[in-house]
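If you read the protein sequences in the order shown, they are chains A and B.
Everything in the first sequence is counted per full-length UniProt numbering, starting at 1 for the first residue and increasing by one.
Everything in the second sequence is counted per full-length UniProt numbering, starting at 1 for the first residue and increasing by one.
Read the structure below first, then the notes.
Protein chains: 2
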Amino acid sequence: MSEYSIEEITADHLAHITAVAQGLAGDVRALVDATVRTQVGDDDVAAAREHIAAATALLRREQLPGAFGIRFSATAGKRNWGNAMVGLRNPVAPPMHMSYDGEKITGTVDLGAAYEGPAGLVHGGILAALLDQALGSAAENAGVPGMTGTLNVRYRQATVLGPVTVSAWLDRTEGIKSFAKGTVSTADGVTVEADGVFILPRWARGQSQEDAVRTVGEG
Amino acid sequence: MSEYSIEEITADHLAHITAVAQGLAGDVRALVDATVRTQVGDDDVAAAREHIAAATALLRREQLPGAFGIRFSATAGKRNWGNAMVGLRNPVAPPMHMSYDGEKITGTVDLGAAYEGPAGLVHGGILAALLDQALGSAAENAGVPGMTGTLNVRYRQATVLGPVTVSAWLDRTEGIKSFAKGTVSTADGVTVEADGVFILPRWARGQSQEDAVRTVGEG
Numbered sequence: 001m002s003e004y005s006i007e008e009i010t011a012d013h014l015a016h017i018t019a020v021a022q023g024l025a026g027d028v029r030a031l032v033d034a035t036v037r038t039q040v041g042d043d044d045v046a047a048a049r050e051h052i053a054a055a056t057a058l059l060r061r062e063q064l065p066g067a068f069g070i071r072f073s074a075t076a077g078k079r080n081w082g083n084a085m086v087g088l089r090n091p092v093a094p095p096m097h098m099s100y101d102g103e104k105i106t107g108t109v110d111l112g113a114a115y116e117g118p119a120g121l122v123h124g125g126i127l128a129a130l131l132d133q134a135l136g137s138a139a140e141n142a143g144v145p146g147m148t149g150t151l152n153v154r155y156r157q158a159t160v161l162g163p164v165t166v167s168a169w170l171d172r173t174e175g176i177k178s179f180a181k182g183t184v185s186t187a188d189g190v191t192v193e194a195d196g197v198f199i200l201p202r203w204a205r206g207q208s209q210e211d212a213v214r215t216v217g218e219g
Numbered sequence: 001m002s003e004y005s006i007e008e009i010t011a012d013h014l015a016h017i018t019a020v021a022q023g024l025a026g027d028v029r030a031l032v033d034a035t036v037r038t039q040v041g042d043d044d045v046a047a048a049r050e051h052i053a054a055a056t057a058l059l060r061r062e063q064l065p066g067a068f069g070i071r072f073s074a075t076a077g078k079r080n081w082g083n084a085m086v087g088l089r090n091p092v093a094p095p096m097h098m099s100y101d102g103e104k105i106t107g108t109v110d111l112g113a114a115y116e117g118p119a120g121l122v123h124g125g126i127l128a129a130l131l132d133q134a135l136g137s138a139a140e141n142a143g144v145p146g147m148t149g150t151l152n153v154r155y156r157q158a159t160v161l162g163p164v165t166v167s168a169w170l171d172r173t174e175g176i177k178s179f180a181k182g183t184v185s186t187a188d189g190v191t192v193e194a195d196g197v198f199i200l201p202r203w204a205r206g207q208s209q210e211d212a213v214r215t216v217g218e219g
């Protein structure tokens with residue numbers, strides 16, 4: 001199991017590593033899209049694979065032993081850069097960009113060919129995953145973080161690939177349980193609704209709220 | 001919106017394009033993992049980015065205008081190669097490998113650093129997405145395909161990054177609704193349970209079952 005860790009980073013260094021990570025992950029996301037959609041012949045594929053192998057070898061010269069984990073610092077707050085939905089250095093993440101308005105969270109994301117389920121439509125599971133992330137972040141943002149206990153998703157209409165908005169908010173709390181709700185919307189209106197229960201794990205209870213946030217992270 | 005399409009492919013050509021797609025997507029998955037876990041300095045990152053851009057440019061010489069869609073042929077059956085969870089040419093897909101034993105579906109998948117949520121654990125949303133895929137496939141495999149109507153996921157314990165088994169089966173049908181259930185298991189036992197309702201879309205009703213499978217695809 002990788003780590004929750006605390007590290008100190010200067011603002012300058014943070015700006016630098018953010019730019020490097022975003023640039024690299026952005027390039028790999030473009031490659032992922034090109035891989036799904038390519039129609040080129042075998043020679044071009046073979047040449048592309050040589051470049052990809054060379055890039056991988058360069059990046060593997062020094063690697064983390066496992067996943068990125070979740071890191072905290074006074075400068076950067078929480079860095080969940082490996083997160084599968086929002087991680088800025090994770091090419092699997094679309095990524096969803098989160099903004100906060102009081103206790104409401106809005107996630108914006110442009111879902112391309114790599115997020116397909118039914119033909120031309122966003123995979124239902126990806127929509128569930130974006131909602132899980134947003135609902136968990138809404139609970140955390142409201143000061144009652146937790147791991148996902150249950151997630152219920154209702155698909156109202158098809159979600160066409162393209163720009164999508166995810167909204168989430170804390171509905172209520174009951175002891176160690178936080179109840180959050182949210183929606184996915186497109187130009188067609190609300191396409192998906194969800195509610196979830198987020199539970200502070202046993203091993204994180206009895207700590208200060210700040211420490212709990214540090215050790216729990218999001219869904 | 002991309003397409004459901006029917007195409008004819010010889011067995012030899014199918015074997016060839018399968019190998020090409022798997023090789024390319026496998027290489028890009030390795031690059032994704034290396035991107036999340038790299039610790040190298042700026043010079044190596046810059047050199048890697050040049051290779052990645054070169055690979056992308058090669059693959060973009062000829063591209064599909066949109067997503068891969070879902071393609072059918074007598075030789076290959078259904079090809080959902082762009083699917084975000086199981087698509088063999090989609091580097092976002094871990095991918096999950098599905099096998100069928102009567103009406104039970106088993107999906108096996110090894111979830112690395114790119115699928116992280118809480119530190120060292122699989123993202124709850126990725127688990128929901130794998131279940132959505134498996135439950136929808138179970139309904140389809142039982143002859144009652146549909147788009148996801150609702151998906152309810154219960155997280156019983158943490159799912160550590162690594163090998164995971166997804167099981168799914170059709171529970172019952174009611175008219176146009178198929179009810180499926182499933183679990184995620186690891187060496188720790190069952191970690192997640194889910195049930196879902198899959199609904200034959202209005203525009204696919206009144207067709208033969210074969211045509212309905214062709215036009216619906218999975219979750």
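We put the beta carbon where it would ideally sit given N, CA and C, even for glycine.
Does the beta-carbon of residue i have 16 or more other beta-carbons within 10 angstroms, so that it is buried, or is it exposed?
i	result
E140(B)	buried
I6(B)	exposed
S167(A)	buried
T10(B)	exposed
T108(A)	exposed
Y155(B)	buried
V213(A)	Any reading at V213(A) needs caution, since the residue's pLDDT is 48, under 50, leaving its predicted position unreliable; the model's value is listed next. Classification of V213(A): buried, given that the 10 Å Cβ count is 16 or more.
A194(B)	buried
Y100(B)	exposed
H13(B)	exposed
R172(A)	exposed
D27(B)	buried
E116(A)	buried
Q133(B)	buried
D33(B)	buried
Could you name the residues that DSSP lists as bridge partners for residue i?
i	result
N152(A)	D195(A) and N152(B)
R79(A)	R71(A)
Q63(B)	T38(A)
residue 221(A)	Since the first residue of chain A shown is 1 and the last is 219, residue 221(A) is not available in this structure.
I6(B)	F72(B)
G107(A)	M98(A) and V166(A)
L121(B)	V160(B)
For the alpha helix (DSSP H) that contains residue i, what are its first and last residues?
i	result
E50(A)	D42 to L59
A113(A)	That residue, A113(A), is in no alpha helix (DSSP H); it is neither H nor E in DSSP.
V32(A)	A11 to R37
So which residues on chain A does residue i lean against when the C-beta distance must stay under 9 Å?
i	result
A107(B)	Reading off the sequence, residue 107(B) comes out as Gly, not Ala. Within 9 Å Cβ-Cβ: nothing; G107(B) doesn't reach chain A, min ~12 Å.
I52(B)	L24, D27, V28, A30, L31, H51, I52 and A55
First and last residue of the beta strand (DSSP E) that includes residue i?
i	result
T173(A)	G162 to E174
G143(A)	That residue, G143(A), is in no beta strand (DSSP E); it is neither H nor E in DSSP.
A180(B)	K177 to T186
M98(B)	H97 to D101
At a CB-CB cut-off below 8 Å, which residues of chain B make contact with residue i?
i	result
H97(A)	Within 8 Å Cβ-Cβ: nothing; H97(A) doesn't reach chain B, min ~16 Å.
D171(A)	Correct list: empty, because the minimum Cβ distance to chain B is about 17 Å.
D12(A)	By Cβ distance, chain B contributes nothing, its closest Cβ being about 14 Å from D12(A), past 8 Å.
Y4(A)	A119
Anything in chain B within Cβ reach of residue i, meaning under 9 Å, just list it in chain order.
i	result
L64(A)	V36, R37, T38, Q39 and A113
F72(A)	Those do not exist, as F72(A) stays about 11 Å from chain B at its closest Cβ, beyond 9 Å.
G69(A)	E116, A119 and G120
Whose Cβ in chain A lies nearer than 7 Å to the Cβ of residue i?
i	result
I126(B)	A84 and A129
Report the neighbours of residue i on chain A: residues whose CB is nearer than 8 Å to its CB, in chain order.
i	result
R202(B)	The premise fails here: R202(B) is roughly 11 Å from chain A at the closest Cβ pair, so nothing lies under 8 Å.
So with CB distances below 7 Å, who are the chain B contacts of residue i?
i	result
D132(A)	G124, G125 and A128
R154(A)	T150
P163(A)	Neighbours of P163(A) on chain B: none; closest Cβ ~14 Å, over 7 Å.
What do you reckon, is the C-beta of residue i under 8 Å from a heavy atom of the ligand NAD?
i	result
L161(B)	Looking at this structure, you won't find the ligand NAD or any other ligand, since it has none at all.
Problem - Residues, ordered as in the chain, of the stretch 138 to 152 of chain B that lie near chain A by beta-carbon distance below 7 Å - result: M147, T148, G149, T150, L151 and N152
Practice task
Could you please tell me which residues of the stretch 14 to 48 of chain A, in chain order, have their CB closer than 7 Å to any CB of chain B?
Solution key: V20, G23, L24, A25, D27, V28, A30, L31, V32, A34, T35, V36, R37, T38, Q39, V40, D42, D44, V45, A47 and A48
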